[in-house]
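Novice:
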Amino acid sequence: EAQVTQNPRYLITVTGKKLTVTCSQNMNHEYMSWYRQDPGLGLRQIYYSMNVEVTDKGDVPEGYKVSRKEKRNFPLILESPSPNQTSLYFCASSSVPGPRTPLHFGNGTRLTVT
Amino acid sequence: GENVGLHLPTLSVQEGDNSIINCAYSNSASDYFIWYKQESGKGPQFIIDIRSNMDKRQGQRVTVLLNKTVKHLSLQIAATQPGDSAVYFCAENHQGAQKLVFGQGTRLTINP
Chain A
1 EAQVTQNPRY LITVTGKKLT VTCSQNMNHE YMSWYRQDPG LGLRQIYYSM
51 NVEVTDKGDV PEGYKVSRKE KRNFPLILES PSPNQTSLYF CASSSVPGPR
101 TPLHFGNGTR LTVT
Chain B
1 GENVGLHLPT LSVQEGDNSI INCAYSNSAS DYFIWYKQES GKGPQFIIDI
51 RSNMDKRQGQ RVTVLLNKTV KHLSLQIAAT QPGDSAVYFC AENHQGAQKL
101 VFGQGTRLTI NP
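Protein sequences, first through last, are from chains A and B. Residue numbers for the first sequence follow this note's numbering, beginning at 1 and rising by one. Residue numbers for the second sequence follow this note's numbering, beginning at 1 and rising by one.
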């Protein structure tokens with residue numbers, strides 16, 4: 001089944017403890033992206049990747065890192081999480097580099113930072 | 001600046017009726033628009049998209065209408081079913097931009 005898989009689905013952590021949210025897609029998509037979803041703010045892009053080893057900042061990249069060493073994986077790294085990073089995170093991919101094609105989203109990771 | 005929003009945050013319709021979800025945008029350079037459906041506990045799911053060289057596009061039970069003059073688009077769902085209950089997002093992009101700008105979403109509730 002074609003899908004974007006995120007892990008974990010739920011994560012509670014404390015301020016300052018490094019964490020990684022994994023994202024993997026099995027559709028051989030070139031474009032991958034991370035979003036966060038907050039009430040009243042909608043979906044905001046954190047980082048995106050046009051292809052392997054090519055990453056770029058989105059609207060809200062502060063406090064996040066990403067890497068794209070392989071085509072299928074696009075992990076989101078929070079080196080020192082803070083409470084304002086409590087949010088619902090989505091990874092997405094698409095076959096064509098860029099946003100002008102439907103995105104396939106994962107089911108989300110709900111992160112709570114205390 | 002870029003702003004994609006919605007006229008109504010919630011919409012309640014009777015099962016079997018048609019639903020119309022509206023979306024306004026402010027960037028006149030926007031030329032690609034897309035609708036997503038997000039069910040509880042899931043990620044957004046693509047419904048339909050439209051480019052600015054069209055003013056209407058139809059899918060299965062859904063129609064998107066684009067009015068570039070007033071910078072407005074709408075999603076029409078025919079014969080609304082309980083499975084249509086979800087939050088619906090519009091998003092826009094303009095040529096050269098590497099991101100979608102999402103609206104805040106409209107929650108569609110179906111009454112039996």
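Idealized CB from N, CA, C, for every residue including glycine.
(1) From the DSSP output, in three-state form, read off residue 31 (chain B) for me.
(2) Where residue 52 (chain A) and residue 68 (chain A) are concerned, what is the direct C-alpha to C-alpha distance, given to the nearest angstrom?
(3) Check whether chain B comes within 8 Å of residue 107 (chain A), counting only Cβ atoms and requiring the distance to be less than that.
(4) Got a sec, what are the start and stop residues for the beta strand (DSSP E) residue 74 (chain A) sits in?
(5) Here's the rule: buried if 16 or more other CB atoms are within 10 angstroms of the residue's CB, otherwise exposed. What is residue 10 (chain A)?
(6) Between the Cα of residue 102 (chain B) and the Cα atoms of A:108, A:54, A:32, A:40, which residue gives the shortest distance?
(7) Measuring only the C-alpha atoms, how far is residue 52 (chain B) from residue 97 (chain A)?
(8) Given that residue 48 (chain A) touches chain B, what residues does it touch there, using C-beta distances under 9 Å?
(9) Is DSSP giving residue 56 (chain A) helix, strand or coil here?
(10) What would DSSP say about residue 42 (chain A), mapped onto helix, strand or coil?
(11) Just checking, does the segment 91 to 110 of chain A make contact with the segment 38 to 55 of chain B on the three C-beta pairs under 8 Å criterion?
(12) Please classify residue 84 (chain B): does DSSP put it in a helix, a strand, or coil?
(13) Are the C-beta of residue 58 (chain A) and some C-beta of chain B separated by less than 8 Å?
(14) How is residue 111 (chain B) classed by DSSP in three states: helix, strand or coil?
(15) Using a beta-carbon distance cut-off of less than 9 Å, what residues from the segment 69 to 88 of chain A approach chain B?
(16) Measure the CB-CB distance between residue 50 (chain B) and residue 57 (chain B) and report whether it falls below 8 Å.
Specialist: Taking the structure as given:
(1) The residue you call residue 31 (chain B) lines up with position 31 of the second sequence. Reduced to three states, the DSSP call for residue 31 (chain B) is strand.
(2) What you label residue 52 (chain A) is simply residue 52 of the first sequence in a count that begins at 1. What you label residue 68 (chain A) is simply residue 68 of the first sequence in a count that begins at 1. If I take the Cα positions, the gap works out to 5 Å.
(3) On the first sequence, position 107 is the one that residue 107 (chain A) refers to. Yes, its Cβ sits closer than 8 Å to a Cβ of chain B.
(4) The count along the first sequence starts at 1 and reaches residue 74 (chain A) at position 74. Careful: residue 74 (chain A) lies outside any beta strand (DSSP E) and carries neither H nor E.
(5) For the purposes of this step, residue 10 (chain A) is identified with residue 10 of the first sequence, where counting begins at 1. Using a 10 angstroms sphere on the CB of residue 10 (chain A), the tally of other CB atoms stays under 16, which defines it as exposed.
(6) Along the second sequence, read from residue 1 onward, the residue named residue 102 (chain B) stands at position 102. The closest CA to that of residue 102 (chain B), considering only A:108, A:54, A:32, A:40, is found on A:40.
(7) Counted from its first residue, the second sequence places residue 52 (chain B) at position 52. Counted from its first residue, the first sequence places residue 97 (chain A) at position 97. Rounded to the nearest angstrom, the two C-alpha atoms are 20 Å apart.
(8) One-based indexing of the first sequence puts residue 48 (chain A) at position 48. In chain order: 98, 99.
(9) Residue 56 (chain A) sits at position 56 when you count from the first residue of the first sequence. In the structure shown, residue 56 (chain A) sits in a strand (DSSP, three-state: E or B).
(10) Taking the first residue of the first sequence as position 1, residue 42 (chain A) is located at position 42. Strand.
(11) Yes, the segment 91 to 110 of chain A touches the segment 38 to 55 of chain B.
(12) Here residue 84 (chain B) refers to the residue found at position 84 of the second sequence. The answer is helix: DSSP assigns residue 84 (chain B) an H, G or I state.
(13) In the first sequence, the residue the question calls residue 58 (chain A) occupies position 58. Taking CB atoms only, residue 58 (chain A) has a neighbour in chain B less than 8 Å away.
(14) The residue given as residue 111 (chain B) occupies position 111 in the second sequence. In this structure, residue 111 (chain B) counts as strand in the three-state DSSP scheme.
(15) Listed in sequence order: no entries.
(16) Taking the second sequence and counting its residues from 1, the one referred to as residue 50 (chain B) is at position 50. Taking the second sequence and counting its residues from 1, the one referred to as residue 57 (chain B) is at position 57. Yes. Within cutoff.
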